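Written out below as structure tokens is the structure these notes cover.
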């Protein structure tokens, strides 16, 4: 006969925790899987697990108020006649008009232009407002081919062929009917108010040889002027990077699983793909093995939040980073001032991930005219520019502390890892040692 101490609270299962039990009950009651936006909520190794080794005697630090630290980057130097020249190595990721309101897209363009960097259309085509307020605009070419036409390809400053996304490698996009307004329906050639799902693969090719033909077609349409990016989700970064280079990419965009999405199955977000930290070194190794590192530029995205993250990504071999979720927060999403309205939606500020439902009280992830009007694109653009400025200053501060007068001079030797997992993924020594898993010896 077992004895239960009345003063000991019942012990719950770590495997079947409250959230898991609730999800089982929801699935049993509805018979449908959960769809949400945002990125993974589980904790995985990330940039916080790395530290910089500042200069002292063995390295000579630079004085921040007197010595410069270059932040510029040029993207698309391999084949394009007109490579993109940016003042900072922080770009704005592709987020579509449809997933976002028109005011939100305008704000992103304004903020990027004030900061001397680029923004990206996302799925769904190019709006005149976005083109008008974006000094440098990258046009995304996705399997859906929504809004794709030679005119807009030529109006863009670069073209990003999206093969995969970090939040859902191997999965297509979703846009629920309540966000398909008259204008979105017209741009995407869809019926108004009807759910749509993009294909998970492009109809124009079945492998890298076909992709090479498609890239050549895009170059011919744009007279070889525009850099061609290829974006892949973080799953097999070594081979995907190598094949993108073989197919003729000027730039490879690598998106880890901390990257967000407007909408997909929760099981994708939490259980498919690899952490951003685990993706960078294999991709860099592929470029190095092909003799193309720094010749084909690497942009890393997925969970970038601060100047420290930027500096760490560059130290591991990236040429630039891209931000999405952080940019939305900067312009006003998940703001606690809307807490009461978030609660009415059954959520809370900071946890709201029902972006696909079009009820965002901040007016950002919606097509509701009244909600969208809440966002002032001029003010929101300034907020984004402020955030990008702070990120850049933080990255410069770290680079100078490590003795570098250019962000791109940061290197793996400037880093150490706090955990065995991070050391193995980043291939930098565990703090206090000269060893990382897989290197052999101490």
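In this note's numbering, the protein residues as written are 5 to 446.
Virtual Cβ for every residue (Gly too), placed ideally from N, Cα, C.
The structure presented is a predicted model; accordingly, all values stated were derived computationally and were not measured.
Item, Value
"Buried versus exposed call for residue 337 [16 or more other C-beta atoms within 10 Å across all chains shown]", "buried"
"Where residue 134 falls, given that 16 or more other Cβ within 10 Å makes a residue buried", "buried"
"The stretch 276-284 / the stretch 239-247 touching (three or more Cβ pairs under 8 Å)", "yes"
"Continuous beta strand (DSSP E) stretch holding residue 326: start and end", "324-327"
"DSSP-derived helix/strand/coil call for residue 378", "coil"
"Beta-carbon proximity of residue 125 to residue 116, cut-off 7 Å", "no"
"For residue 294 and residue 285, the rounded distance between their alpha carbons", "14 Å"
"Assigned exposure category for residue 99 - 16 Cβ within 10 Å defines buried", "buried"
"Buried versus exposed, by CB contacts within 10 Å (16 or more), residue 72", "exposed"
"Pairwise C-alpha distance: residue 234 and residue 253", "6 Å"
"The stretch 172-180 touching the stretch 208-222, judged by at least three CB pairs closer than 8 Å", "no"
"Heavy atom of the ligand SAM within 6 Å of residue 395 beta-carbon", "Only the bare structure without any ligand can be found here, which leaves the ligand SAM out of the picture."
"Which of helix, strand or coil DSSP assigns to residue 283", "helix"
"Cβ contact check for the stretch 362-382 and the stretch 324-336: 3 or more pairs under 8 Å", "yes"
"DSSP-derived helix/strand/coil call for residue 401", "helix"
"Minimum length 4: unbroken alpha helix (DSSP H) runs contained in the stretch 230-284", "241-250 and 270-275"
"Contained beta strand (DSSP E) runs [length at least 3] in the stretch 85-123, N- to C-terminal order", "88-90 and 94-96"
"Exposure label - residue 78; buried when at least 16 CB within 10 Å", "exposed"
"Minimum C-alpha distance to residue 36 - residue among 63, 110, 42 and 269", "269"
"Whole-angstrom distance between residue 347 and residue 90, CA atom to CA atom", "40 Å"
"Alpha carbon of residue 107 to alpha carbon of residue 314, nearest angstrom", "27 Å"
"Endpoints, the beta strand (DSSP E) within which residue 163 is located", "162-166"
"Residue 390 at chain D interface by Cβ criterion, 7 Å", "Among the chains in the structure shown there is no chain D, since it carries only a single protein chain."
"Where the alpha helix (DSSP H) containing residue 145 begins and where it ends", "That residue, residue 145, is in no alpha helix (DSSP H); its beta strand (DSSP E) goes 141-145."
"Per-residue DSSP class, three states only, for residue 56", "strand"
"Beta bridge counterpart(s) of residue 305 as assigned by DSSP", "259 and 326"
"Three CB pairs or more closer than 8 Å across the stretch 412-422 and the stretch 55-67", "yes"
"Residue 422, DSSP secondary structure in three states", "coil"
"Residue 44, buried or exposed, once every other Cβ within 10 Å from all chains shown has been counted against 16", "buried"
"Residue from 38, 86, 24 and 19 with nearest C-alpha to residue 357", "38"
"Given residue 226 as reference, the closest of 200, 157, 272 and 199 once Cα atoms are compared", "157"
"Residue(s) in a DSSP beta bridge with residue 78", "89"
"Per-residue burial, residue 292 [other beta carbons within 10 Å of its own, 16 or more giving buried]", "exposed"
"Reference residue 201; option with closest CA among 249, 250, 132 and 147", "147"
"Sub-7 Å separation of residue 144 and residue 167 beta-carbons", "no"
"Proximity of residue 398 and residue 311 at Cβ, strictly below 7 Å", "yes"
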